[in-house]
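J.: Got a structure for you, questions after.
Residue numbers (UniProt numbering): 1 to 297.
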């Protein structure tokens, strides 16, 4: 059945076929011998499994990957993209955002607060990227501006269950945690969370940069970072992002969508709403909230 005025589109490859190809790539590569600086996912707009191969992939690994996908013919589209896929955390840059310091070890982690959330009792938390807090040193977090104590890490994962998130419980005094995000001096209200839709327009904010013009390229992507960490069911978008933006929010309208994990924007390159040539990856925040019994404002 089709709506009045609608036009039915016949596609060559069924959804089941494309999902099977993606599952095979996961099973044959990501689950056993991951290839850093690659990602793949089903792209309904092109009726293919889109495989992104970034410059940092070795010739041997690229050959292994292309040999595997060749058997699927035009059901797979391979894109070769510049740069490498890195997490966007950093240890030395200051600025607006959140930070955790291990004075004894001389270590410092600076990232971006994603979304404020709360549980059924009203207790407030915030979410950020798991790789920012992937150390026993980085449990207590402050606001960079003014060094105000915010709270403590309660739950996190970076790669162990193929996720990238951290949940911090607010424990500081005299804090006002609102259901909103700020980008370029403008506040955007957040009232709910959900999974993204393929092709929808999205905005990203960070402590270092913001990109308010982007689109979802894949709502469920498998990506392998330079350090070999494999993350699955990630959101891939055309937004740029820089080191220090990790953990920052991805949203559409008043809906929270994702937590910035990383991408291929080179350090020192411009990152703003005029850029569209880069790729970035996000942990779906709706999964995190459902998993821990939390909800957006």
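Where is the CB? At the ideal position from N, CA and C, for every residue including glycine.
1) Grab the span of the alpha helix (DSSP H) containing residue 19 for me, first residue to last.
2) Are residue 200 and residue 144 closer than 8 Å when you measure CB to CB?
3) Specify the secondary structure class of residue 131 as computed by DSSP and reduced to three states.
4) Could you say which of 126, 110, 38 lies nearest to residue 86 if we only look at CA atoms?
5) Considering Cα atoms alone, identify which of 241, 171, 28, 276 is closest to residue 111.
6) Determine the direct distance from the alpha carbon of residue 166 to that of residue 130, and round the result to whole angstroms.
7) In the DSSP output, which residue or residues are listed as bridge partners for residue 39?
8) In chain order, which continuous runs of the beta strand (DSSP E) of length 3 or greater are located wholly inside the stretch 211 to 280?
9) In the DSSP assignment, find the alpha helix (DSSP H) that holds residue 46 and state where it starts and stops.
10) Is residue 292 helix, strand or coil when you go by DSSP?
11) Name the residue from 84, 35, 23 whose alpha carbon lies nearest to the alpha carbon of residue 49.
12) Using CA coordinates, which residue listed in 231, 149, 191 is at the minimum distance from residue 172?
13) With a Cβ-Cβ cutoff of 8 Å, do residue 296 and residue 117 count as a contact?
14) Pick from 239, 234, 280: whose alpha carbon is nearest that of residue 286?
15) Express the C-alpha separation of residue 17 and residue 93 in angstroms, rounding to a whole number.
16) According to DSSP, is residue 75 helix, strand or coil?
17) State the Cα-Cα distance for the pair residue 303 and residue 76, rounded to the nearest angstrom.
18) Hey, how far is the Cα of residue 270 from the Cα of residue 121?
19) Along the chain, where does the beta strand (DSSP E) containing residue 152 start, and where does it finish?
20) Does the distance from the CB of residue 222 to the CB of residue 26 come in under 8 Å?
21) What does a CB cutoff of less than 8 Å around residue 55 pick up in its chain, not counting 5 residues either side in sequence?
22) Identify the continuous beta strand (DSSP E) that holds residue 84 and give its terminal residues.
23) Whole angstroms is fine: what's the gap from residue 168's alpha carbon to residue 213's?
24) Under 8 Å, do residue 151 and residue 206 count as touching if we go by C-beta distance?
25) For residue 181 versus residue 239, is the C-beta distance shorter than 8 Å?
T.: So, from the listed chains and residues:
1) Unbroken alpha helix (DSSP H) run through residue 19: 15 to 25.
2) Against a cut-off of 8 Å, the Cβ pair of residue 144 and residue 200 comes out as no contact.
3) Reduced to three states, the DSSP call for residue 131 is helix.
4) Out of 126, 110, 38, 38 has the C-alpha closest to the C-alpha of residue 86.
5) Cα-wise, what sits closest to residue 111 is 241.
6) Distance between the alpha carbons of residue 130 and residue 166 is about 4 Å.
7) Answer is 52, 223, bridged to residue 39.
8) DSSP runs (the beta strand (DSSP E)) wholly in the stretch 211 to 280: 211 to 224, 230 to 237, 249 to 252, 255 to 263.
9) Premise fails: residue 46 is in no alpha helix (DSSP H) and is neither H nor E.
10) In the structure shown, the three-state DSSP call for residue 292 is coil.
11) Taking only the C-alpha atoms, the option nearest residue 49 is 23.
12) Minimum Cα-Cα distance from residue 172 among the listed residues 231, 149, 191 corresponds to 149.
13) Yes, Cβ-Cβ distance for residue 296 and residue 117 is below 8 Å.
14) It is 234.
15) Any reading at residue 93 is ruled out, since the residue's pLDDT is 24, under 50, leaving its predicted position unreliable.
16) It is helical.
17) The displayed coordinates of the chain run from 1 to 297. Any statement about residue 303 would go beyond what the structure contains.
18) C-alpha separation (whole angstroms): 43 Å.
19) From DSSP, the beta strand (DSSP E) with residue 152 extends over 148 to 158.
20) Remark: C-beta atoms of residue 222 and residue 26 approach each other more closely than 8 Å.
21) In the same chain as residue 55, and ignoring 5 residues on each side of it, the C-beta atoms closer than 8 Å to its own belong to 37, 80, 81, 82, 83, 84, in chain order.
22) Counting along the chain, residue 84 falls outside any beta strand (DSSP E), and DSSP gives it neither H nor E.
23) Residue 168 and residue 213 have their alpha carbons spaced roughly 29 Å apart.
24) Cβ atoms of residue 151 and residue 206: not closer than 8 Å.
25) One thing to note: residue 181 has its Cβ no nearer than 8 Å to the Cβ of residue 239.
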